[in-house]
Amino acid sequence: MGRVLSKEITAVSAKGHVAQKAPIAVDVEADRSYWWCTCGQSQRQPFCDGSHKGSAFVPQEYKAEASRTLYFCACKQTDKAPLCDGTHNKI
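What follows is the structure, given as structure tokens:
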């Protein structure tokens with residue numbers, strides 16, 4: 009029988025698979041939409057490739073307001089989705 013080690017671990021596992029423990033830098037273009045992977049299973053991280061199909065996960069749209077470099081979360085545990093908030097340093 010399994011056991012819950014802490015509420016934090018339970019919450020983390022509900023957010024998706026950790027694809028990697030570092031953000032991914034992306035040069036985004038103004039007015040373009042990007043579809044961030046929420047399940048962590050995509051082979052095109054940090055973006056969706058449809059690997060979530062059959063699960064409760066759906067990609068999250070991010071529409072760039074300006075052309076610049078952004079750091080997309082790859083650990084999938086961020087509270088500022090889809091951008092990195094440093095949570096990967098705590099897991």
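With my numbering as the guide, the letters of the sequence shown map in order to residues 9 to 99.
Where is the CB? At the ideal position from N, CA and C, for every residue including glycine.
Here the structure is a predicted model, which means the values were calculated and not measured.
Anyone know if the C-beta pair for Pro67 and Cys81 falls short of 8 Å? Stepping through the sequence shown from its first residue, residue 67 is reached at position 59. Stepping through the sequence shown from its first residue, residue 81 is reached at position 73. In this structure, Pro67 lies away from Cys81, with their beta-carbon atoms at least 8 Å apart.
Looking at the strands, I want to know which residues DSSP matches up with Gln68. Mapped onto the sequence shown, residue 68 falls at position 60. Gln68 pairs with Trp44.
Asp39: which of Glu73, Gly62, Pro54 and Arg52 sits nearest, CA to CA? What you label residue 39 is simply residue 31 of the sequence shown in a count that begins at 1. Measuring from the Cα of Asp39, the nearest candidate turns out to be Glu73.
So, under 8 Å CB-CB, His25 and Lys84 are touching, yes? Tell me the CB distance rounded to an integer number of Å. Translated into positions along the sequence shown, residue 25 becomes position 17. Translated into positions along the sequence shown, residue 84 becomes position 76. At roughly 7 Å, the Cβ-Cβ gap stays under 8 Å, so His25 and Lys84 are in contact.
In angstroms, rounded to a whole number, what distance separates the CA positions of His96 and Lys71? The residue you call residue 96 lines up with position 88 of the sequence shown. The residue you call residue 71 lines up with position 63 of the sequence shown. C-alpha separation (whole angstroms): 23 Å.
Between which two residues does the beta strand (DSSP E) containing Ala33 stretch? The count along the sequence shown starts at 1 and reaches residue 33 at position 25. Looking at the DSSP string, the run of the beta strand (DSSP E) that includes Ala33 is Ile32 to Val36.
Check whether the Cβ atoms of Val36 and Leu78 lie closer than 8 Å to each other. As a working mapping, residue 36 is identified with position 28 in the sequence shown. As a working mapping, residue 78 is identified with position 70 in the sequence shown. A Cβ-Cβ contact shorter than 8 Å links Val36 with Leu78.
In whole angstroms, what is the alpha-carbon distance linking Ser63 and Arg76? Mapped onto the sequence shown, residue 63 falls at position 55. Mapped onto the sequence shown, residue 76 falls at position 68. Between Ser63 and Arg76, the C-alpha separation is close to 32 Å.
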